[in-house]
Each structure stands twice: as structure tokens, then as C-alpha cells.
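Below is one structure, written out as C-alpha cells; the observations come after it.
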Amino acid sequence: MPGYRASADAIMRCGTNVDRMNADAKSIKDKAAGAEVPEISWGLLGLATTYSSYRDLLEKFKQHLDEMAEGLTKAGEDLTACGKEYQDADQSIADMFSKLFGDLTKGAGSGGGGGSW
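Numbering-wise (this note's numbering), the sequence shown opens with residue 1216 and increments by one.
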């Protein structure tokens, strides 16, 4: 993609920030568990009609938050690894050019060839 630039450090920071978001998902799950309405609060009619739906929905919500936390952790790790790979590739290319230009300057004053390129 022409004109596309990505800072390896920015990508790694993004990975760290995304990974930290899993703590938010875990915090929400803990708060949901703490706010769970006990069975006794539903009364006989509530137990007979809506309590089981409430429990199912609550369990699905907790499962969703677990999956979300897992996904955020994975995304954060992947972004951090991507940034590290960019950084390694940049360093590898810089080392290659440094070696190449270092080799060229060593031979520049030795009086060989005389060709211009």
C-alpha cells in the first residue's frame, strides 16, 4: 500500500492497551456476579416464570465476557508480536544497509576500478 506507515512502537503500545482491556471485561463480570439477584428475591411467581430465563441470560453474559477477555488478550498479544516483528524487520534492514555501505566505504579509497556508478 503506497503511503502506508506504521510505527512499531505505536503498534506495540496498542497491543498493550488492548490487552489491558481484558481487565475491564473481568471487572464487569465480577460486578455482574456481585449484582446477581438471589433466588429468594424472585418469589414463587418469579421462580415459576422468569427466573430460569434470567439465570440462562446471566450465564450467557458471563460466558460472553470470558470470551471477550480471551479475545482481547489474544488481540493484544498479536498486536504486540506484530509490532515486534516490524521492529525486527526494520533493524535487520538497517543492519544490512549499514554492512553494505560500510563495505562500500572500505573499498572506496583503495584505487580500484575507476568506474562511476
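Cβ atoms here follow ideal geometry from the backbone N, Cα and C, with glycine treated the same way.
Which word fits residue i, buried or exposed, when buried means at least 16 other C-beta atoms lie within 10 angstroms of its C-beta?
i: LEU1294; result: buried
i: MET1163; result: Outside the displayed span of the chain (1216 to 1332) sits residue 1163, for which this structure offers no information.
i: GLY1230; result: buried
i: GLY1291; result: buried
i: ALA1240; result: buried
Between the C-alpha atoms of residue i and residue j, what's the straight-line distance to the nearest angstrom?
i: SER1242; j: GLU1285; result: 14 Å
i: THR1320; j: SER1313; result: 10 Å
i: MET1283; j: ASP1271; result: 18 Å
i: ASP1318; j: GLN1302; result: 24 Å
i: ASN1232; j: TRP1257; result: 40 Å
i: GLU1274; j: ARG1235; result: 24 Å
Just confirm the distance between the C-beta atoms of residue i and residue j, as a whole number of angstroms; I'd bet it's less than 8 Å.
i: LYS1244; j: LEU1280; result: 4 Å
i: LYS1299; j: MET1227; result: 7 Å
i: GLU1254; j: LEU1262; result: 7 Å
Any 3 or more C-beta pairs closer than 8 Å across the segment 1294-1310 and the segment 1239-1254: In the pairwise beta carbon analysis, the segment 1294-1310 is classified as not touching the segment 1239-1254: fewer than three pairs are separated by under 8 Å.
Contact between the segment 1219-1228 and the segment 1256-1268 (3+ Cβ pairs under 8 Å): no
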